[in-house]
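Please read the structure below before turning to the comments.
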């Protein structure tokens, strides 16, 4: 039985999440780090999509008018509250599973894997989530000249 690494180490040999996902060469290790980086950024992308889905369905009233009666109003997809909550719960579950997979990857205690997760999350936050502050400020101040 192989013992799990319990302290951070640096090196190209790592077993990640599954026994079949092992690296022993530098190209394989670097591709693994790239995959972990992208997976971390995708985690925040999915979180952003989930929060926007929730915000859209919580704030916009359902429009019942047909396009013939009011052609300039957008047609919104009609969802029941239960369907919306189920979709939100499913997105939350998938996002939680991805988060736990990232946590397990970090628990490999490989320094490169740890840095790939951290920098992937940093990149994902920068690209997908850092605009939330601007959006919240614009919603708080309705004056278009501010």
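Numbering (this note's numbering), first residue to last: 1103 to 1248. Even glycine gets a Cβ: it sits at the ideal position worked out from N, Cα and C.
- Query: If you draw a straight line from the alpha carbon of residue 1130 to that of residue 1214, how long is it in whole angstroms?
  - Reply: The alpha-carbon separation between residue 1130 and residue 1214 amounts to approximately 13 Å.
- Query: Roughly how many angstroms lie between the CA atoms of residue 1208 and residue 1158, to the nearest whole one?
  - Reply: 34 Å
- Item | Pairwise C-alpha distance: residue 1228 and residue 1185 | 31 Å
- Task: Assuming residue 1230 and residue 1150 form a contact by the criterion Cβ under 8 Å, report the distance between their Cβ atoms to the nearest whole angstrom.
- Result: 4 Å
- Classification of residue 1143 by the beta-carbon crowding that lies within 10 angstroms, buried from 16 upward: buried
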